[in-house]
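What follows is a set of notes on a single structure, which appears directly below.
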Amino acid sequence: MGTQLEKDQTVTITKSVSVCPKYLHPQKVLNLSNLDRQCPSLMYTVSFYKPSPSYKDLSLDFVFNSLKSGLEDTLSVWYPAAGRLCLNQNDGKLDLWCNNKGAVLVEAVTQIKISELGDLSQYNKFFEKLVYKPHSFGNFSQMPLVVAQVTKFGCGGYSIGIGVSHSLFDGPATHDFLYAWASNSAIMEGKGGVEQQKPLHERGSTLLVVTNCPAPNMTTKLSEKSSSSRKRAAAIDHLYQLIMQAATDQSFSDVGYMNQNSYLLRTFHLSSAMIQSLKRKVSGKRGGSFSCSSFEVVAAHLWKARSRALGLRRETMVCLQFSVDVRNRMVPPLPKGFSGNAYVLASIAMTAGALEGESHERIVEKIREAKNSISNEYVYAYVEALEGPRPSDLPPLKELTMLSDWTRMPFHKIPFLHGEAAYASPLVSPVPQVAYFMQNPDDDKGIDLRIGLLPHSLKSFSQYFLNVQ
Numbered sequence: 125m126g127t128q129l130e131k132d133q134t135v136t137i138t139k140s141v142s143v144c145p146k147y148l149h150p151q152k153v154l155n156l157s158n159l160d161r162q163c164p165s166l167m168y169t170v171s172f173y174k175p176s177p178s179y180k181d182l183s184l185d186f187v188f189n190s191l192k193s194g195l196e197d198t199l200s201v202w203y204p205a206a207g208r209l210c211l212n213q214n215d216g217k218l219d220l221w222c223n224n225k226g227a228v229l230v231e232a233v234t235q236i237k238i239s240e241l242g243d244l245s246q247y248n249k250f251f252e253k254l255v256y257k258p259h260s261f262g263n264f265s266q267m268p269l270v271v272a273q274v275t276k277f278g279c280g281g282y283s284i285g286i287g288v289s290h291s292l293f294d295g296p297a298t299h300d301f302l303y304a305w306a307s308n309s310a311i312m313e314g315k316g317g318v319e320q321q322k323p324l325h326e327r328g329s330t331l332l333v334v335t336n337c338p339a340p341n342m343t344t345k346l347s348e349k350s351s352s353s354r355k356r357a358a359a360i361d362h363l364y365q366l367i368m369q370a371a372t373d374q375s376f377s378d379v380g381y382m383n384q385n386s387y388l389l390r391t392f393h394l395s396s397a398m399i400q401s402l403k404r405k406v407s408g409k410r411g412g413s414f415s416c417s418s419f420e421v422v423a424a425h426l427w428k429a430r431s432r433a434l435g436l437r438r439e440t441m442v443c444l445q446f447s448v449d450v451r452n453r454m455v456p457p458l459p460k461g462f463s464g465n466a467y468v469l470a471s472i473a474m475t476a477g478a479l480e481g482e483s484h485e486r487i488v489e490k491i492r493e494a495k496n497s498i499s500n501e502y503v504y505a506y507v508e509a510l511e512g513p514r515p516s517d518l519p520p521l522k523e524l525t526m527l528s529d530w531t532r533m534p535f536h537k538i539p540f541l542h543g544e545a546a547y548a549s550p551l552v553s554p555v556p557q558v559a560y561f562m563q564n565p566d567d568d569k570g571i572d573l574r575i576g577l578l579p580h581s582l583k584s585f586s587q588y589f590l591n592v593q
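Just so we're aligned, residue 125 is where the sequence shown starts under this note's numbering, counting upward by one.
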């Protein structure tokens, strides 16, 4: 179906404008942290708003102009989003030049009906036509950090495809930025209805001040401690162990040709009832005395199912890494409204054979231990490790399962048009095997898993993952 849509249907861009802040800020350079610099790529999502009597008579021009006006207001507060990335002349690292160059907003039309796209939770290559992908022509400093495309469908519905540089904002900050934009656009309701958190845009210096804070009863900063006594970041150590394993073990001969296009994107829905069944399975051995979160139990289940589906040798090292928000884990906490990247990866590693033999309960405990290990010292070690040389063009490591929890960032609830979107779909990630946990619009206690899978493991993963008994 997706291929047929691509062949027979088109999306026509009818307008493209640069949108600058309504109130210009003095130009300045924001120093980025190493967390901000990890992934400067634009991350795309597409939200679908099905036809509604509430806006069936609204013209595309009215919707476009409302979004443009709202974005001008929003960029006045979230001014780094109107800037560009630049290189620091002293150390050659990426920084953020707040120069008021603006975002890009595109208007488009298609004769396709949203209903023709089928299940919106399932990735469709046609979705790539619903986002605007700027060209840098070799000069990344000209690339906008926020782009958006509003597309009107033949049925009267809309999609809003948005790309935001990961160097600009992390997930929670992106959600807050988009919610502020939707509120300021106010296509269906009056402006100013929701009080918004004022963002704090200083990032590199703010994060470094916190990570360099001396621990209790210490007279020296973490940066002055010897490497032998400093806490290490397990996520970095495990990643390098996987790289060495892939480089030395002949059974990993396929690692060289695995690439982003090798992976199939699929969405699996675990209903609230299925998640409760998993929790009962975990707590049953203790007579209900062991409790766990939905994230913990589904993460454990996902890791075990994916590793089994890959059919790895028992002695192969496998690793689960998941993002942890450190805003409130630092001492002192990061300031309210901190808009920079504030996530590090927690990590667990063991052999495939050991994982196969572990109970869900024990894996949940390991996940909890890894999460609780995230401290000031861990964050410092993680940020410092990103200073070192990193492998270039690293191929995907199938033994690595990466997880990002979006359940607290319900992008489908951002009210750009009337009510919630029918679905908000992330597009292809720069890391193909990354898994996203997302809210389902029709079952907010359930979890939608979006994951990239190798073709040979798709069938077996489906069987293992959907079997929760």
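Ideal Cβ positions, reconstructed from N, Cα and C, are used throughout, including at glycine.
Candidates the options: closest to residue i by CA position
| i | options | result |
| --- | --- | --- |
| A466 | S176, F251, S283 and H325 | H325 |
| Y256 | L458, V170 and Q557 | V170 |
| A243 | L578, D566, S584 and G570 | Here the sequence assigns Asp to residue 243, which means Ala is not the residue at that position. Among L578, D566, S584 and G570, the Cα nearest to that of D243 belongs to D566. |
| Q151 | K139, Y588 and A206 | A206 |
| C443 | C163, G481, V187 and I472 | I472 |
| G461 | Q321, F186, L590 and Y147 | Q321 |
| M526 | P175, A424 and S386 | A424 |
| L578 | K537, L434 and S549 | L434 |
| D160 | P554, V468 and E501 | V468 |
| T138 | F188, E544 and I367 | F188 |
| N248 | P550, P556, L363 and V555 | P550 |
| S289 | A357, R208 and Y364 | R208 |
| K225 | K403, Y147 and Q369 | Y147 |
| S499 | H536, Q445, L269 and V455 | V455 |
Contact check, residue i vs residue j, beta carbons under 8 angstroms
| i | j | result |
| --- | --- | --- |
| S239 | C279 | yes |
| S178 | Y547 | no |
| G285 | A272 | yes |
| L241 | T275 | no |
| L229 | L191 | yes |
| E485 | V406 | yes |
| P534 | Q563 | yes |
| F419 | D529 | yes |
| S431 | A470 | no |
| L199 | L154 | no |
| A227 | I360 | no |
| I571 | T531 | yes |
| A476 | R437 | yes |
| I311 | L541 | yes |
| P556 | Y387 | yes |
| G262 | Y168 | no |
| L331 | Q445 | no |
Beta-carbon separation (whole angstroms), residue i vs residue j, contact threshold 8 angstroms
| i | j | result |
| --- | --- | --- |
| P323 | D300 | 7 angstroms |
| L218 | S291 | 6 angstroms |
| H426 | L521 | It is Leu, not His, that sits at residue 426 in the sequence shown. Contact doesn't hold; Cβ gap of about 16 angstroms is too wide. |
| H149 | C222 | 6 angstroms |
| L389 | V552 | 7 angstroms |
| S193 | S283 | No, S193 and S283 are not in contact; Cβ-Cβ is about 20 angstroms, not under 8 angstroms. |
Rounded straight-line distance, which links the Cα of residue j to that of residue i
| i | j | result |
| --- | --- | --- |
| I575 | A429 | 12 angstroms |
| D197 | Y506 | 36 angstroms |
| Q667 | T234 | The structure shown has nothing for residue 667, since the chain only spans 125 to 593. |
| S140 | A232 | 9 angstroms |
| E489 | T391 | 26 angstroms |
| K131 | F172 | Any reading at K131 needs caution, since the residue's pLDDT is 49, under 50, leaving its predicted position unreliable; the model's value is listed next. Rounded to whole angstroms, K131 to F172 spans 21 angstroms at the Cα level. |
| S463 | L184 | 32 angstroms |
| S596 | R327 | This structure cannot settle anything about residue 596, because the visible part of the chain is limited to 125 through 593. |
| Q266 | P204 | 14 angstroms |
| S483 | R453 | 29 angstroms |
| L582 | D215 | 44 angstroms |
| Y587 | S395 | According to the sequence displayed, residue 587 carries Gln and not Tyr. C-alpha separation (whole angstroms): 16 angstroms. |
| D517 | L458 | Residue confidence is low: D517 scores 49 on pLDDT, short of 50, so the model does not pin down where it sits. Its coordinate-derived value is still stated next. Distance between the alpha carbons of D517 and L458: 33 angstroms. |
| F376 | S447 | Any reading at F376 needs caution, since the residue's pLDDT is 47, under 50, leaving its predicted position unreliable; the model's value is listed next. Those two C-alpha atoms are separated by around 26 angstroms. |
| P175 | T136 | 19 angstroms |
| V422 | F589 | 9 angstroms |
| C650 | F277 | Outside the displayed span of the chain (125 to 593) sits residue 650, for which this structure offers no information. |
| P145 | N212 | 24 angstroms |
| I399 | D373 | 37 angstroms |
| S584 | V558 | 18 angstroms |
| A297 | A370 | 35 angstroms |
| F251 | V201 | 30 angstroms |
| Y504 | Q365 | 20 angstroms |
| P268 | K403 | 44 angstroms |
| P338 | E439 | Its pLDDT being 43, under 50, P338 is placed unreliably in this model, and the value from its coordinates should be taken loosely. Rounded to whole angstroms, P338 to E439 spans 40 angstroms at the Cα level. |
Distance cut-off 7 angstroms: residue i Cβ against heavy atoms of the ligand HEM
| i | result |
| --- | --- |
| L577 | With respect to the ligand HEM, the structure shown offers nothing to examine, as it has no ligands at all. |
Return the chain-ordered ranges of every alpha helix (DSSP H) run that is complete within the stretch 171-202 and spans a minimum of 4 residues. The stretch 171-202 contains these whole alpha helix (DSSP H) runs: 184-201.
Can you give, in chain order, each stretch of the beta strand (DSSP E) that sits fully within the stretch 380-466 and has at least 3 residues? With a minimum length of 3 residues, the continuous beta strand (DSSP E) runs that stay inside the stretch 380-466 are 388-394 and 441-449.
Suppose only complete runs of 3+ residues qualify. What are the beta strand (DSSP E) ranges in the stretch 231-294, listed by chain order? Qualifying beta strand (DSSP E) stretches, in chain order: 270-276 and 282-289.
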